[in-house]
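For the record, the sequence lines run as chains H and P.
The opening position of the first sequence corresponds to residue 1 in UniProt numbering, with each subsequent residue numbered one higher.
The opening position of the second sequence corresponds to residue 1 in UniProt numbering, with each subsequent residue numbered one higher.
Report on the structure given below.
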Amino acid sequence: MNQWFAHTFPNVIYQGWGGDTGWWTAIVQTLYMTFWSAIFGGLLGLIFGIGLIITAPNGIAPSKTWFWIFDKIVSFFRALPFIILLAAIAPVTKIIVGTQIGTTAALVPLSLGVFPFYARQVQVALSEVSGGIVEAAQSVGASFWDIVFGVYLREGRSELVRVSTVTLISLIGLTAMAGAIGAGGLGNMAISYGYNRFATDTTLVATLLVLILVLVVQVIGDILVKRLNHK
Amino acid sequence: MTEEPIIKLDNINVTFHQKKRTITAVNNVTVHVNRGDVYGIVGYSGAGKSTLVRVINLLQEPTSGSVIVNNETFFQATDENAKKTIIGGNALRDRRRKIGMIFQHFNLLNERTVTENVAFALQHSPLKDEEKKAKVAELLELVDLSDRADQFPAQLSGGQKQRVAIARALANDPEILISDEATSALDPKTTNQILALLKKLNQEFGLTIVLITHEMQAVKEIANKVSVMQDGEIIESGSLLEIFAQPKEQLTREFIETATNIDKAIETISHEALVHNLKDNEVFARLSYVGDTTDEPLITGLFRDFNVTANILYGNIEILQETPVGSLLVILSGESAQLKAALGTLRDHHVTVELIKGGQSL
């Protein structure tokens, strides 16, 4: 078995397990980037998504100005191709994390790349919470924060998990590009060590690992959505 | 001294500005609701009923007018550009808790159980946790849903959902309940159950109810006062009996017709041979009356005193607030002079006589 593997996937073996170019390192880098940019980008996206909902004309705190601000910021970052954002944001990255390259440096563009996508997803998810329910909450004297947390986020919970799953999967896709600024990861493995060196077996294994990661996220997401939804 | 109305809406205007148009949803409406009233507001969709009732708890801020609830000014502005007084923030939220509201589509929190839905209304209540628990249990008992406490709204029928909504609306012991088409999405049987529950709340707890609906049937069941709304204006108001017995406006008649079907009966009966071939000494008439002017003795009296026979073709008697309101379609036959005298007697007994066919000479 081992012999067959070594014979069929020589480049995969060559990459090794640990070390700078190893598989384990790549997996950890992908997970690291996905996790932290999901936290930062997710939080930012959630805030913008909620902002878009509550300041909308039919929201609980309608404001043309704030809605315009949220909307335009989200649209702007959403319009930037990620690979360009990755490069263009470098000076800002340097200010925030002290370096422009490496896995941690990639967190800044990744967070900024994923937040507008998530903000729109959150906006759609929360817009499905019926205005009638919000009104009923107001009629029993619920406060602003009661409505944000107790109605929007609570009622939209399963929808939020669903869009988070979608976002997380697209974020895994973005981490693959982060290799361009030396962030490593499975995407980088597939391109730099696989594709660029004609090591098709490396590309194949890296792709498979990304697929497994996506699949795991999807399955967990689906289970959670099912469990949380009482509609 | 008579008691002040619990809800005083005076000269309420609500206008919405869309890009280039101004839409007047409520136009100079004045409504006073007394403590203990069940006040029905009837109108077709788009008449402005929902907008009007939302002014009571300021879910809809009026453009101008004054809103006084329980002798407290919630809103006051003489016109759109005038300085306005409005109750706000915590005070408003606190007052809203004393004005329960139920909706056509129930508007329950789907991700919370029945108990949690009712408890949601109590989150700012001064009650201790134990007391809140007891209160929720008591409310669920009241609406007869104790056995559903841990279920989610999706597991309930429409009528059960509305009862949860009623329990939630009553959580903070309100004095006023606003019902926004609360029975419109329910089947007739369930509608009657909900109306019976509302009636019980009104009678046992003195709850003042403002009921908006497009179903005259619902109003007929429980209201004691009625306003009819059209195009943002109230076109007719009065006690339930006044409105039913003597509707003035065409729209009011239309609504009453939906509850009595008398016009349809006239239409059908007019094609019957008896009416179609009406003889010279006969009239086809509609007799309407309110109260204890019971039909039997009067009609027997017509024969006894005037030798006029009455052939009753259709009858509809409603009991509104324990008072019978009747409509009879009859063919009266007799000598011309006698007929005339008979009709006079009927009118003397406060029976409204409407000649539908024949009797040109009378």
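Heads up, the beta-carbon is just placed ideally off N, CA and C, and yes, glycines get one too.
Nothing here was measured: the structure is a model prediction, and the numbers come from that model.
Limits of the unbroken beta strand (DSSP E) element including P:Ser-227: That run of the beta strand (DSSP E) goes 225-230.
contact_flag[the region 13-29 of chain P, the region 201-214 of chain H] where n(CB pairs < 8 Å) is 3 or more: With the cut-off at 8 Å, the region 13-29 of chain P and the region 201-214 of chain H do not touch.
Reduced DSSP category for P:Gln-162 - H, G, I as helix; E, B as strand; rest coil: It is helical.
Exposure of H:Ser-75, with buried meaning 16 or more beta-carbon neighbours within 10 Å: It is exposed - the Cβ of H:Ser-75 has fewer than 16 other Cβ atoms within 10 Å.
Nearest residue (CA-CA) to H:Thr-21, options H:Gly-179, H:Ile-223 and H:Ser-63: Nearest C-alpha to H:Thr-21: H:Gly-179.
Where H:Gly-194 sits in the DSSP three-state scheme: Three-state result, H:Gly-194: helix.
Among H:Gly-150, H:Ala-79, H:Gly-187 and H:Ala-125, the one whose alpha carbon lies nearest that of H:Glu-135: Distance check between H:Glu-135 and each of H:Gly-150, H:Ala-79, H:Gly-187 and H:Ala-125 places H:Gly-150 closest, using alpha-carbon atoms only.
Neighbourhood of P:Tyr-289 by C-beta distance below 6 Å, restricted to the same chain and skipping five residues each side: Residues Gly-326 and Val-351 of the same chain have their beta carbon placed closer than 6 Å to that of P:Tyr-289, with the five preceding and five following residues left out of the count.
Interface positions of the region 135-154 of chain H facing chain P (Cβ-Cβ less than 9 Å), listed along the chain: The region 135-154 of chain H vs chain P, Cβ under 9 Å: Glu-135, Ala-136, Ala-137, Gln-138, Ser-139, Val-140, Gly-141, Ala-142, Ser-143, Asp-146, Gly-150, Val-151 and Arg-154.
CB contact check: P:Glu-111 to chain H, cutoff 8 Å: In terms of beta-carbon proximity, P:Glu-111 lines the interface with chain H, with at least one pair separated by less than 8 Å.
H:Ile-53 at chain P interface by Cβ criterion, 8 Å: No, H:Ile-53 does not count as interfacial toward chain P.
Simplified DSSP assignment, three categories, for H:Ala-199: Note: H:Ala-199 maps to coil in three-state DSSP.
Interface residues of chain H facing P:Leu-9 [CB-CB closer than 7 Å]: None at all; the shortest Cβ gap to chain H is about 17 Å.
Closest residue to P:Leu-302 among P:Asn-277, P:Leu-313, P:Ala-341 and P:Glu-111 (Cα-Cα distance): It is P:Ala-341 whose Cα lies nearest to the Cα of P:Leu-302.
For P:Lys-357 and P:Leu-278, believed in contact at Cβ under 8 Å, the rounded distance: Right, the Cβ-Cβ distance comes to about 6 Å (below 8 Å), so this counts as a contact.
Segments assigned alpha helix (DSSP H), at least 4 residues, entirely inside the region 93-163 of chain H: Counting only runs of 4 or more, we get 103-127 and 131-139.
Chain P within 8 Å of H:Lys-231, Cβ atoms only: Answer yes: the Cβ-Cβ gap between H:Lys-231 and chain P drops below 8 Å somewhere.
Rounded straight-line distance, which links the Cα of H:Gln-138 to that of H:Ser-146: Ser is not the amino acid found at residue 146 of chain H; the sequence shown has Asp there. Between H:Asp-146 and H:Gln-138, the C-alpha separation is close to 9 Å.
Start-to-end residues for the alpha helix (DSSP H) that takes in P:Lys-8: Where P:Lys-8 is concerned, there is no enclosing alpha helix (DSSP H), although the beta strand (DSSP E) it sits in stretches over 7-17.
Continuous alpha helix (DSSP H) stretch holding H:Ile-13: start and end: Per DSSP, H:Ile-13 is one residue of the alpha helix (DSSP H) stretching across 10-15.
Start and end residues, beta strand (DSSP E) containing P:Pro-62: Looking at the DSSP string, P:Pro-62 is not in any beta strand (DSSP E), and its letter there is neither H nor E.
Status (buried if at least 16 other CB within 10 Å, exposed otherwise) for H:Thr-65: H:Thr-65 comes out exposed.
Min CB distance P:Ala-121 to chain H below 8 Å: Yes, contact with chain H.
Chain C contacts made by the region 36-50 of chain H, where a contact means CB separation under 9 Å: The structure shown contains no chain C; its protein chains are H and P.
Cross-chain neighbours of H:Ile-133 in chain P, by beta carbon under 7 Å: Ordered by position in chain P, the residues that pass the 7 Å Cβ test against H:Ile-133 are Asn-107 and Leu-109.
Range of the contiguous alpha helix (DSSP H) that encloses P:Val-275: P:Val-275 -> alpha helix (DSSP H) spans 273-276.
Contacting positions in the region 120-146 of chain P - beta carbon closer than 8 Å to chain H: For the region 120-146 of chain P, the set of positions with a beta-carbon nearer than 8 Å to some beta-carbon of chain H reads Phe-120, Ala-121, Gln-123 and His-124 in chain order.
Positions along the region 79-105 of chain P whose CB lies within less than 7 Å of some CB in chain H: Answer in chain order: Arg-93, Asp-94, Arg-96, Arg-97, Met-101, Phe-103 and His-105.
Test: P:Ala-171 CB closer than 8 Å to a CB of chain H: Interface flag for P:Ala-171 against chain H is set, since a Cβ pair is found closer than 8 Å.
Where P:Asn-57 meets chain H, residues with beta-carbon distance less than 8 Å: The answer, in chain order, is Ser-139.
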